[in-house]
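Presented below is the structure to which this report refers.
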Amino acid sequence: MSSLAVKVVAGREHRSSWNLEVPRPATRGRCGPEISLVQKYKVRCASELGEILLLRLHKERFAFFCKDPWYCSRICVTTPDGSVVHFPCYQWIDGYCTVELRPGTARTICQDALPLLLDHRKRELQARQECYRWKIYAPGFPRMVDVSSFEEMESDKKFALTKTAPCADQDDNSGNRYLPGFPMKVDIPSLLHMEPNIRYSATKTASLIFNALPASLGMKIRGLLDRKGSWKRLDDIRNIFWCHKTFTSEYVTEHWCEDSFFGYQYLNGVNPIMLHCLSSLPSKLPVTNDMVAPLLGPGTCLQTELERGHIFLADYWILAEAPVHCLNGRQQYVTAPLCLLWLNPQGVLLPLAIQLSQIPGPESPIFLPTDCELDWLLAKTWVRNSEFLVHENNTHFLCTHLLCEAFSMATLRQLPLCHPVYKLLLPHTRYTLQVNTIARATLLNPDGLVDKVTSIGRRGLIYLMSTGLAHFTYTDFCLPDSLRARGVLTIPNYHYRDDGLKIWAAIERFVSEIVSYYYPNDACVQQDSELQAWVGEIFAQAFLGRESSGFPSRLCTPGELVKYLTAIIFNCSAQHAAVNSGQHDFGAWMPNAPSSMRQPPPQTKGNTTMESYLETLPEVNTTCSNLLLFWLVSQEPKDQRPLGTYPDEHFTEEAPRQSIAAFQKCLAQISKDIRARNESLALPYAYLDPPLIENSVSI
Ligand SMILES: CCCCC/C=C\C/C=C\C=C\[C@@H](C/C=C\CCCC(=O)O)OO
Ligand SMILES: [Fe+2]
1 MSSLAVKVVA GREHRSSWNL EVPRPATRGR CGPEISLVQK YKVRCASELG
51 EILLLRLHKE RFAFFCKDPW YCSRICVTTP DGSVVHFPCY QWIDGYCTVE
101 LRPGTARTIC QDALPLLLDH RKRELQARQE CYRWKIYAPG FPRMVDVSSF
151 EEMESDKKFA LTKTAPCADQ DDNSGNRYLP GFPMKVDIPS LLHMEPNIRY
201 SATKTASLIF NALPASLGMK IRGLLDRKGS WKRLDDIRNI FWCHKTFTSE
251 YVTEHWCEDS FFGYQYLNGV NPIMLHCLSS LPSKLPVTND MVAPLLGPGT
301 CLQTELERGH IFLADYWILA EAPVHCLNGR QQYVTAPLCL LWLNPQGVLL
351 PLAIQLSQIP GPESPIFLPT DCELDWLLAK TWVRNSEFLV HENNTHFLCT
401 HLLCEAFSMA TLRQLPLCHP VYKLLLPHTR YTLQVNTIAR ATLLNPDGLV
451 DKVTSIGRRG LIYLMSTGLA HFTYTDFCLP DSLRARGVLT IPNYHYRDDG
501 LKIWAAIERF VSEIVSYYYP NDACVQQDSE LQAWVGEIFA QAFLGRESSG
551 FPSRLCTPGE LVKYLTAIIF NCSAQHAAVN SGQHDFGAWM PNAPSSMRQP
601 PPQTKGNTTM ESYLETLPEV NTTCSNLLLF WLVSQEPKDQ RPLGTYPDEH
651 FTEEAPRQSI AAFQKCLAQI SKDIRARNES LALPYAYLDP PLIENSVSI
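Next comes the structure, spelled out in structure tokens:
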């Protein structure tokens, strides 16, 4: 327990009496803002204070009680003339220290003139930069949070701001151990030292553990996590999760073999960003008209369909040189397929041809829907395995989790609490540093889950993500630009695109209202040195300063700022929901998303049997460990905050608060429309229904 003292720093000195409402120290054990208590203080001053510039909270030891972290939401001050001033805080106060708060009115650095306030901004950022330090995890990776610095903070060590952090590969791995009941090693030390302001709340942690433990122990007891060898029958896979079936997972189990469902997943599955429209075939995929004529039917040909813009390609080139790994002591296999698809006159997307390598030739036959059933199924399953690798590592982990971590870090390090962009973005960074730290400690660590279930292992993951980042562009990052560049604006029943564009537009409208309020002209953007440092830090640390990425290193106009902020908020919320929430739905039927392949890709046709198919799919323990992860990450643990909900009132002015209300109204209408559309669908698409989208990447 500790005591709290409040000090008011004001502009002028006069006689007055002030009422302060301060959140009372709640309870031990970081239970977050869930318990809300308010303490009222009357502060009598010998003189009138005038405008309050800063409010200082001192947290001190109380008698002999031990140190307790407190969560302070905000302080409300009623002035002698009856007006109320809010001082947003929304932070854990750990240890005995002083926190200085400014009134809630957002201010850019250009709007501050008083040296006291300019100095306060500077000191606030210095302290944050000391606390949140960048770490190089692997060459070519976006930089991430260095959790070891929190350990140092707690032991009150002093350190230089320029301290360089080690790479993950040089870390001491002695704390990386097996935990009873779990199929992989866990890097325990890195989980123990999170700074309280970025740590999961007790509710969220408990919810994650309650989701994980019964599922993991259930599989352990049934021997599934330890059973090596092939599945004996495909049907046995149905029984892994007898109690975790969803409407979609059942639908997938029924329809996974169908070509139309294979095509559907490119539009509305967990990786809806792969298709590019072709105007001509690439030379590395020598599909002829004769090959596809039986499927195209009379009255058309491949060339005509190319000219109509009805031919699409999913190219897994990035896997061509991925390192390959061993699972259960056996060599695994990876390939880099090319999958050609056709949008038929009924508006259904169908696979036309699959080549399982980037190099054409007699050893890489082009598989066709007219081939025998098992050959065609095996070729499609190889593509689904490639989808798994590209989706999990790049679309999901790199492009949402890791990039959003870098946005979160830059926001914490470069923008003070009173900055309008800090107020706008902070809710969209909630728990991202924590979930990524958990992922690094359980999935990406040596002998972690990625090493236990994927054919490329941790080394392959590092290769894929660094190669992915080296090719990632600002166009890919901005949904409308990406859809246009990929030529997929007119494909029917592309619900990810339709819902995503509506949400993008709603975010854009909201952001442009906020931006126009605080940045009325180009000069305001250009002269905001904190904003420019923030963009520059993202460019340098997330995109490694690569000019060809097209990401800005500087922003010049309010329009550029609106686009950039819209893209960040969209990717932290909607994009993560689109590529995260369906992992169990689409992956629980393992043959639809195998994490590894145990036989080389076929070099001839006509040899596939059900036995060889089962010998190619992952073993029982590999399958079950992976499905355990899918189950866990497909549901947001409790303590959720859906898109557009801002219970922490960082903005206190009327204009931004009205913009928030309008944003919420717009999202509610989008939700209504999505739900109405879904009524008529055999397989509803709900991943982008706003109430089901989390504000931030937090699982
Ligand atoms: C089997 C027990 C695992 C416990 C892990 C608990 C929570 C997971 C924490 C974070 C997950 C984050 C992301 C991970 C996504 C992709 C990683 C790559 C996976 C792969 O290649 O297999 O999910 O939301
Ligand atoms: Fe995720």
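So the sequence shown is residues 1 to 699, counted in the UniProt record's numbering.
Ideal placement from N, C-alpha and C gives every residue a C-beta, glycine not left out.
query	result
Tell me the DSSP secondary structure of G95 in three-state form.	coil
Please list the terminal residues of the continuous beta strand (DSSP E) segment that includes N176.	176-178
Would you call F262 buried or exposed, if buried means 16 or more other Cβ atoms sit within 10 Å of its Cβ?	buried
Report, in whole angstroms, the separation of the C-beta atoms of K605 and D371, which I expect to be a contact under 8 Å.	6 Å
I want to check one thing, is the minimum distance from the CB of I699 to the heavy atoms of ligand 1 below 7 Å?	yes
DSSP state of Q331, grouped into three classes?	strand
Please identify the residue among L629, A567, Q346, D476 whose C-alpha is closest to the C-alpha of T454.	L629
Say the cut is 7 Å; is the CB of S625 nearer than that to a heavy atom of ligand 1?	yes
Does the beta-carbon distance from L617 to W231 come in below 8 Å?	yes
Kindly list the residues whose CB is nearer than 6 Å to the CB of S149, restricted to its own chain and excluding five residues on each side of it in sequence; keep chain order.	R133
Which of the three DSSP states, helix, strand or coil, is assigned to R74?	strand
When you compare the CB positions of N695 and R430, do they come within less than 8 Å of one another, or not?	yes
Could you check if S595 belongs to the surroundings of ligand 1, using beta carbon to heavy atom distance under 7 Å?	yes
Per DSSP, what kind of secondary structure is H401 in: helix, strand or coil?	helix
Using CA atoms only, rank isn't needed, just tell me which of E547, Q664, G229, S698 is closest to L632.	S698
Using a 10 Å radius around the Cβ and a threshold of 16 neighbouring Cβ atoms, would you call V579 buried or exposed?	buried
Measuring CB to CB, does P351 end up less than 8 Å from P365?	no
My guess is that I514 and L424 are in contact by the Cβ rule of under 8 Å, so how many angstroms apart are they, rounded?	6 Å
Under 6 Å Cβ to Cβ from H276, same chain only, skipping five residues before and after it: list those, please.	L313, R486
Between which two residues does the alpha helix (DSSP H) carrying residue 763 extend?	In this structure the chain extends from 1 to 699, so residue 763 is not present and cannot be described.
With DSSP collapsed to three states, give me the class of L688.	coil
Output the distance between the C-alpha atoms of E649 and N592, rounded to the nearest integer angstrom.	44 Å
Going by DSSP, name the residue or residues bridged to residue 746.	The structure shown does not extend to residue 746, since the chain is modelled only from 1 through 699, so no value can be given for it.
Where are the beta strand (DSSP E) runs, 3 residues long or more, that stay fully inside the stretch 264-346, in chain order?	311-315, 338-343
Output the boundary residues of the alpha helix (DSSP H) element that contains K569.	Before going further, note that residue 569 is Ile rather than Lys in the sequence given. Unbroken alpha helix (DSSP H) run through I569: 558-570.
With respect to the beta strand (DSSP E) encompassing C45, which residues constitute its N-terminal and C-terminal limits?	38-45
Using C-beta distances below 7 Å, list every residue in its chain close to P600, excluding the 5 sequence neighbours before and after it, in chain order.	Y333
What are the boundary residues of the alpha helix (DSSP H) that includes D585?	583-587
Which residues share a DSSP beta bridge with G140?	Answer is none; G140 lacks a bridge partner.
Answer yes if the stretch 35-46 comes into contact with the stretch 56-64, meaning at least three C-beta pairs across the two stretches below 8 Å, and no otherwise.	no
In chain order, what residues of the same chain lie with their CB nearer than 8 Å to the CB of A470, ignoring the 5 residues before and after it?	G140, R546
Beta carbon of E258, beta carbon of H419: below 8 Å?	no
Alpha carbons only, please: which of A533, E151, W342 is nearest the one belonging to L296?	W342
Considering Q126, what are the terminal residues of the alpha helix (DSSP H) in which it resides?	115-131
Measuring only from the beta carbon, is A577 closer than 7 Å to any heavy atom that is part of ligand 1?	no
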